[in-house]
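Each residue of the sequence shown is one higher than the one before, starting from -6 at the first, in the numbering used here.
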Amino acid sequence: MRTLARAIATGTAVAALALGGCSSDDDDETGTAETPAATDAETPAGGTGQGKGAGKGKGAGKGGGKGGGKGGQSSTGLPKEFPAEVSVIDGEIMSVTQDAGTWLVLARSEAERDATVSTAVAQLLDDGFVEDDREETDERVVVDLSTPAHRVSFQAVGNDDGTSMVSYTVSPPLPSAG
């Protein structure tokens, strides 16, 4: 079951990265980036990453940040409804979608792939996540992490210009067996 869920999450993230998550729509002043998957909710993007506690008031929590951005967004570019327990790297949020309790965040980091992975995983471990699995190839790194409240599949792909594209698939925990 876990392998199937991971394959679905990874396939969705790869498709989104490959089919258009790599650039924002410059004609739209909100910076909205579309992903190819249909969702219940889409949120304008264009902010920077989220620290733990972001969107909860000026300077609150690790990463701080001012909450209450316009249009249902925090100042990080993530919707207020996005789980505050899940830190997202600093960078350009390309798109955020939510469907049936699962979030997909696509972002661009100015750091190269391996540095981005190290930073993202360290942030999630600081948030209380446990690393469950990691797969690395020449093209990408996928790290699965979990808490009792959330599962995160983080994926990073390096770009030719030394930056990286990342995706976070955040979903509820798998039901326990037995």
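Using N, Cα and C, we set each Cβ at its ideal position, and we do this for glycine too. Note that the structure is predicted; figures quoted are calculated from it, not measured.
- If you draw a straight line from the Cα of ALA93 to the Cα of THR109, it comes to about 28 Å.
- CA-to-CA, the gap between ASP126 and LEU138 works out to about 7 Å.
- In the DSSP assignment, SER111 falls within the unbroken alpha helix (DSSP H) covering 106 to 119.
- In the DSSP annotation of this structure, the continuous segment of the beta strand (DSSP E) that includes GLU124 starts and ends at 123 to 129.
- Across the structure, LEU99 and VAL145 are spaced so that their CA atoms are roughly 13 Å apart.
- Contact between PRO141 and PRO165 does not hold, since the beta-carbon distance rounds to 10 Å and is not under 8 Å.
- As DSSP reads the structure, ASP92 sits in a beta bridge with THR95.
- For THR140, no beta strand (DSSP E) run applies, since DSSP gives it neither H nor E.
- Under DSSP, PHE75 shares a beta bridge with no residue.
- Inter-residue distance for LEU118 and VAL135 is about 15 Å (C-alpha atoms, whole angstroms).
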